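For any residue, its number in this note's numbering is found by taking its place in the sequence shown, counting from 1, and adding 6. We treat Cβ as the ideally placed atom computed from N, Cα and C, and that holds for glycine. All figures in this text were calculated on a predicted structure; none of them were measured in a lab. Comments concern the structure below.
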Amino acid sequence: MLSPGRPGEVKQNRRKQMPGKHRKHTPIVSEKQRGLFGAELRRREEGKTPRMKGITTEELRGHLRESKGKDLPLSTTMRRVYERKRRQ
Numbered sequence: 007m008l009s010p011g012r013p014g015e016v017k018q019n020r021r022k023q024m025p026g027k028h029r030k031h032t033p034i035v036s037e038k039q040r041g042l043f044g045a046e047l048r049r050r051e052e053g054k055t056p057r058m059k060g061i062t063t064e065e066l067r068g069h070l071r072e073s074k075g076k077d078l079p080l081s082t083t084m085r086r087v088y089e090r091k092r093r094q
């Protein structure tokens, strides 16, 4: 795209967006997040009102599909409980 002020100068796009992609990908990084996303998906499938308004049902399914089978770390609270039990 040419800039109207200077002939021959090319205007740079700061961020290129892929068609159909409107949001940055955020993967599930812990067991706690996996549980929250799973509960939200079940809530939507049952026809209840969603609590996470900024994400579509398809995006929820995609994130859960990606995290399936991965060994994700526990949340810090659960890690502390697990370590206490292990010490005893």
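Coarse secondary structure for residue i, derived from DSSP in three states
i, result
"residue 81", "coil"
"residue 57", "coil"
Whether residue i touches residue j by CB criterion (8 Å)
i, j, result
"residue 73", "residue 50", "no"
Residue i versus residue j: straight-line alpha-carbon distance, rounded
i, j, result
"residue 78", "residue 88", "15 Å"
"residue 68", "residue 44", "11 Å"
"residue 2", "residue 75", "The first residue shown for the chain is 7 and the last is 94, placing residue 2 beyond what the model contains."
"residue 91", "residue 85", "10 Å"
"residue 36", "residue 64", "20 Å"
"residue 54", "residue 81", "27 Å"
"residue 47", "residue 94", "37 Å"
"residue 60", "residue 70", "16 Å"
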